[in-house]
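**Q** Sharing a structure, written as structure tokens. Questions coming.
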Amino acid sequence: MFRKEIYIERRQKLKLDIKNGVGIFLGNSESPMNYAGNTYNFRQDSNFLYFWGIDEVGFAAIIDFDSGEEIIFSDDRSMDDIIWMGPTRSVAEKAENVGVTITKPFREFEKYISKAIAHNRIIHLLPQYRAENSIFLSEIFNCKPNEINKKTSLDLIKAIIKQRSIKSHDEVFEIEKALETSFMIYNYAFRKAKPGIREQEISGGIEGIAHSRGRGVSFPTIFSIHGEILHNHHHKNIMRNGDLVVLDSGAESFMHYASDITRSFPVSGKFTSVQKDIYQIVLETQTEAIKILKPGISYKEVHLHAAKTIVKGMKNIGLMKGNTEDAVESGAHALFFPHGLGHMLGLDVHDMEDLGENLVGYDDSTSRSEQFGLAFLRLARPLQPGFVLTVEPGVYFISALIDQWRAENKKSEFINYEKLEKMIGFGGIRIEDDVLITEDSCRVLGRPIPKSVEEIEEICQN
Ligand code: GLY
Ligand code: MN
């Protein structure tokens, strides 16, 4: 937990943006895995963590923006709880640690909201993503669970996004702790992945490292010889000589700040010549994108710059042709790079995505494109000092997509379908780092993880 002043300050800042009504913050509860008593690892809601710091089940809080009053609702542990889970500090002590002096039993939370509704007060509710919380709130708001998100407060959402988008030094320090775990994870995976081994031996080890150093992984690990499947959580393949694996993984620090790194490497420890060609294109794309990061540039512009670097590289090896600008304008590059260049990173790996992807990543100056590929860009708006974001270009050979485009002769003025034939089965390559936008440029966070062809071959053969 941070110092109590940090939480006080964060709530004060919110009060500067919201002047009336009641802000509602519902923490997460246990979520059953296969029966009620056997639960998933508890993960507190990130907005609750950000403003109230308490990383435990059974908490809720309100801010009365008219009076400035703050209340935490929770129950002290019963004797039964103490027997099964052990003793803990009182709710009042936990509240005091985050600068809150008023606490009430959890059942008072429901009464408080009902009273506020009865008095026609403005209620500032955040989007709900957990069934348990949606059901709980829908009963208070007297609506169907799937209607609860119609009652959310755009003002509160926008105020939180404004605040959480700018990371403090303490937050960047936490992200770098998670990145230190990533450093350990990648050094482990580079050395241990070998022909003849099943992917899950490595992905299991990765989960162990993340759990041993923090709160576990920040999202399900992607570790696959089928890197062309973007979010591949299947780890059953046996790695063979000549295979290239994509490892996209992240860890959470003890305070739940995330890292998100991707490296692609040859299982044998040596890139083939064609693997090296594609790898260099992706690496150059990432390097060139990072070079232009600075406050004021829109991330959409950086994404399009990355797309152009990919097209130039693919033209050099004969897989694409024609005018680079026109190819990117038409979206032809998305056959190989069908996702966005990156996203915000913080307490969530896709930071604040619960609050709405468009509200986090877009603003009045940027709207979401409908073009295939570009439509998946999660962050497009102009960058500001204090943003932490990922830069993760990739090149993939997705046979179903290639088959579809070729059958339609789609963008054939830019794509060399004949040459592409021999790339089917290649897989994919992605490279990802986490970057802080500084006052005049940017800083790649964390200890450097091997990235050049030479560095990767050296560590994989070690
Ligand atoms: N690292 C997975 C993702 O960004 O979607
Ligand atoms: Mn990512």
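Quick note on numbering: my numbering labels position 77 of the sequence shown as 58, and the sequence is numbered without any gaps. The beta-carbon is built from N, C-alpha and C at its ideal position, and this holds for glycine as well.
Measure how close the beta-carbons of arginine 411 and glutamate 373 come, nearest whole angstrom, since I'm counting them as under 8 Å.
**A** Confirmed, about 6 Å.
**Q** Per DSSP, tyrosine 16 forms a beta bridge with which residues?
**A** Tyrosine 16 is bridged to Asn19.
**Q** Would you mind giving the Cβ-Cβ distance between valine 418 and glutamine 365, rounded to the nearest angstrom? I have them listed as a contact below 8 Å.
**A** Checking the sequence shown, residue 418 turns out to be isoleucine, not valine. With a Cβ gap of about 6 Å, isoleucine 418 and glutamine 365 count as contacting.
**Q** Looking at aspartate 332 and leucine 340, is the spacing between their C-beta atoms short of 8 Å?
**A** No. Outside cutoff.
**Q** Got a list of residues with beta-carbon closer than 7 Å to any non-hydrogen atom of the ligand GLY, in chain order?
**A** Spelled out in chain order, the answer is Phe200, Ile203, His212, Asp229, Gly231, Asp241, Thr243, His324, Val330, His331, Thr371, Glu373, Glu413.
**Q** With DSSP collapsed to three states, give me the class of alanine 361.
**A** Correct three-state label for alanine 361: coil.
**Q** Just checking my contact of glycine 186 with lysine 173 at CB under 8 Å: how many whole Å lie between their CB atoms?
**A** Confirmed, about 7 Å.
**Q** At the level of alpha carbons, what is the spacing between serine 234 and threonine 202?
**A** Looking at the two C-alpha atoms, the distance is approximately 16 Å.
**Q** Sort out for me which residues DSSP pairs tyrosine 315 with in a bridge.
**A** One detail in the question is off: residue 315 reads as alanine in this sequence, not tyrosine. In DSSP, alanine 315 forms no bridge with anything.
**Q** Would the stretch 15 to 29 and the stretch 66 to 86 be scored as touching if the rule is three or more Cβ pairs under 8 Å?
**A** Cβ pair count under 8 Å is below three, so no.
**Q** Reducing DSSP to helix, strand and coil, say where arginine -8 ends up.
**A** Reduced to three states, the DSSP call for arginine -8 is helix.
**Q** List the whole-angstrom C-beta distance separating phenylalanine 40 from serine 55, where the pair is believed to meet the contact cut-off of C-beta under 8 Å.
**A** Correct: roughly 5 Å between the Cβ atoms.
**Q** My understanding is that lysine -4 touches phenylalanine 46, with C-beta atoms under 8 Å, so please give their C-beta distance in whole angstroms.
**A** Going by Cβ atoms, the distance from lysine -4 to phenylalanine 46 rounds to 6 Å, so yes, they are a contact pair.
**Q** Which term fits isoleucine 190, buried or exposed, when burial requires 16 or more other beta carbons within 10 angstroms of its beta carbon?
**A** Burial call: buried.
**Q** Pull up the distance between the alpha-carbon of isoleucine 183 and that of isoleucine 430, whole angstroms please.
**A** Those two C-alpha atoms are separated by around 17 Å.
**Q** So which of Phe252, Thr371, Val227, Gly367 has the shortest CA-CA distance to glutamate 436?
**A** Selected option, being the one with the closest Cα: Phe252.
**Q** Give the straight-line distance between the Cα atoms of isoleucine 219 and methionine 14, rounded to the nearest whole angstrom.
**A** Their backbone Cα atoms lie some 29 Å apart in a straight line.
**Q** For glutamine 267 and aspartate -2, I'd like the C-alpha separation in whole angstroms.
**A** When rounded, the distance between both Cα atoms is 37 Å.
**Q** Could you spell out where the beta strand (DSSP E) holding cysteine 423 opens and where it closes?
**A** 423 to 425 is the extent of the beta strand (DSSP E) around cysteine 423.
**Q** Does DSSP put arginine 411 in a helix, in a strand, or in coil?
**A** Of the three classes helix, strand and coil, the one that applies to arginine 411 here is strand, per DSSP.
**Q** Spell out the partners DSSP gives tyrosine 377 in its beta bridges.
**A** Partner(s): Gly409.
**Q** Going by DSSP, what residues sit across from glycine 4 in a beta bridge?
**A** Answer by DSSP bridge pairing, in chain order: Ile44, His105.
**Q** Near threonine 69, what residues of its chain come up, given a Cβ to Cβ distance below 7 Å and the 5 sequence neighbours on each side ignored?
**A** Within the same chain, threonine 69 has close Cβ partners Arg58.
**Q** Threshold first: 4 residues or longer. Then list the alpha helix (DSSP H) segments lying entirely within the stretch 157 to 198, N to C.
**A** Entirely contained in the stretch 157 to 198, the alpha helix (DSSP H) runs reaching 4 residues are, in chain order, 180 to 194.
**Q** Tell me the DSSP secondary structure of aspartate 229 in three-state form.
**A** Here aspartate 229 sits in strand by DSSP.
**Q** Between which two residues does the alpha helix (DSSP H) harbouring arginine 88 extend?
**A** Taken as a continuous stretch (DSSP letters only), the alpha helix (DSSP H) holding arginine 88 covers 88 to 99.
**Q** Does the stretch 105 to 112 come close enough to the stretch 132 to 151 to have 3 or more Cβ pairs within less than 8 Å?
**A** The stretch 105 to 112 is in contact with the stretch 132 to 151.
**Q** Determine the direct distance from the alpha carbon of threonine 371 to that of histidine 214, and round the result to whole angstroms.
**A** Answer to the nearest angstrom: the Cα atoms are 20 Å apart.
**Q** Starting from the C-beta of glycine 195, find all residues in its chain whose C-beta is less than 8 Å away, skip the five residues before and the five after it, and write them out in chain order.
**A** Hits under 8 Å: Lys158, Ala159, Thr162, Ala232, Glu233, Ser234, Phe235.
**Q** Nearest-angstrom Cα distance between valine 434 and glutamine 261?
**A** Taking the straight line from one Cα to the other gives about 8 Å.
**Q** So is asparagine 123 buried or exposed if we call it buried at 16+ other beta carbons inside 10 Å?
**A** Asparagine 123 should be labelled exposed.
**Q** Just confirm the distance between the C-beta atoms of phenylalanine 378 and lysine 302, as a whole number of angstroms; I'd bet it's less than 8 Å.
**A** At roughly 17 Å, the Cβ-Cβ gap does not stay under 8 Å, so phenylalanine 378 and lysine 302 are not in contact.
**Q** For lysine 257, is the beta carbon positioned less than 7 Å from some heavy atom of the ligand SAH?
**A** Ligands present in the displayed structure are limited to the ligand GLY and the ligand MN, and the ligand SAH is not among them.
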